[in-house]
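Using UniProt numbering, the first residue of the sequence shown is number 1, and each one after it goes up by one.
Backbone N, C-alpha and C fix where the C-beta goes; we use that ideal spot for every residue, glycine too.
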Amino acid sequence: MTSKNSATLAIRQLKRSDLVAQEIKRLITEKNLSPGDRLPRESELQAQFQVSKGTIREALKALEVQGLVTISTGPSGGGTIAEVPLDRTLQFMQNYLFFQEVTIDDIYTVRQMLEPELAAGAVPHLTEADFEALEHSISCCDPTQSQEDLLTQRREDVNFHDILAAANPNPFLRFTCELINEMIRQLIVFGNRTPQTEHRRFGEANAQFHREIVRSARARDAEGVRVLMQRHMQDAASSVKRMKGRIQGRLILDADTLRRPRVAPAAARRPRKLAVGAP
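What follows is the structure in structure tokens.
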């Protein structure tokens, strides 16, 4: 058990700016601030926490690195609350998984558990705009209809799942599935020797599953959607293994990937311009 003295020592070892950053987080919660809201000016924070200007700026910088705050300079500058982007969250998670041996089997095992529940839970909440986005996604990823290259089609496969995720009201389930989708989109690659016929067969199977899922979802058949998604995930896992999919590097995203713009899933009408992905 941790002694009282060691716990006190741990607290003392925290930098003052880290303590102030924690207090600013508490301030955000207490004032119920939302993304886009401004934090008090630096001078006000300095007076409130009785620390130097340098400490306040260091604390704000730490929050900016975490993605919680954006900082502007100048007379009217200061901190503005920001919503942490999924890319940044994935980067943090990759730091945790950096020395773990995460495999494609691990990722698809979790997908097979979560995606059916995510899709079934989304069914009552899908709007006509969502259905239009889903059908557009199918037309973009189906090799028999799409004029896009096969790699772009595979990215659009994942976008279909993001649209379903955006409609699910469970924020934690939605977040977890979107995070897995982002890992698949950015980190899974296939061997250069994978025949295009395999990609095409994969895409045709995905498009067919997606059509059946949309058909059941339009009928508001949540259980039917759940069963179809279970079959889809099993088939996708087998296909990715057959196509020798692998995780590139040691779960590392390059700076160029993180700079690429994001698109809200439900509003997406074009494939996302990200790294190689699989459904």
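In whole angstroms, what is the alpha-carbon distance linking Arg111 and Gln196? 25 Å
Where Val189 falls: helix, strand or coil (DSSP): strand
What's the gap between the Cα of Leu39 and the Cα of Lys61? 13 Å
So, helix, strand or coil for Val84, using DSSP? coil
Would you mind reading off the limits of the alpha helix (DSSP H) that contains Ser139? 128 to 141
Provide the residue span of the beta strand (DSSP E) that contains Val158, from first to last. Run containing Val158: none in the beta strand (DSSP E); it sits in the alpha helix (DSSP H), 150 to 167.
To which residues does DSSP link Ile71 through a beta bridge? Gly79
State yes or no: is the C-beta of Val240 within less than 8 Å of the C-beta of Ile104? yes
In chain order, what residues of the same chain lie with their CB nearer than 8 Å to the CB of His125, ignoring the 5 residues before and after it? Ala167, Asn168, Pro169
Determine the DSSP secondary structure at Arg246, reduced to helix, strand or coil. strand
So, helix, strand or coil for Thr257, using DSSP? Any reading at Thr257 must be qualified, since the residue scores a pLDDT of 42, below 50, and its modelled position is unreliable; the value itself is stated next. Looking at Thr257 - three-state DSSP - the assignment turns out to be helix.
Nearest to Arg242 by CA position, among Glu204, Glu198, Asn206, Arg226, is which residue? Glu198
Mapping the DSSP letters down to three states, classify Arg41 as helix, strand or coil. coil
Counting pairs of beta carbons, one from the stretch 174 to 185 and one from the stretch 228 to 237, are three or more of them closer than 8 Å? no
How is Phe49 classed by DSSP in three states: helix, strand or coil? helix
Contact between the stretch 115 to 135 and the stretch 209 to 220: three or more CB pairs below 8 Å? yes
Can you tell me which of Gln230, Val69, Phe160 puts its alpha carbon nearest to the alpha carbon of Leu134? Phe160
So which of Ala205, Val227, Leu114, Asp157 has the shortest CA-CA distance to Arg174? Leu114
Count the other CB atoms within 10 Å of the CB of Gly36; is the residue buried (16 or more) or exposed (fewer)? exposed
Apply the 10 Å Cβ neighbour rule to Glu156 and answer buried if 16 or more other Cβ atoms are within range, or exposed otherwise. buried
Whose CA, out of His232, Gln66, Arg16, lies closest to the CA of Leu90? Gln66
Separation of Thr29 from Ile81, as counted between CA atoms: 11 Å
Residue range of the alpha helix (DSSP H) that includes Val20: 16 to 30
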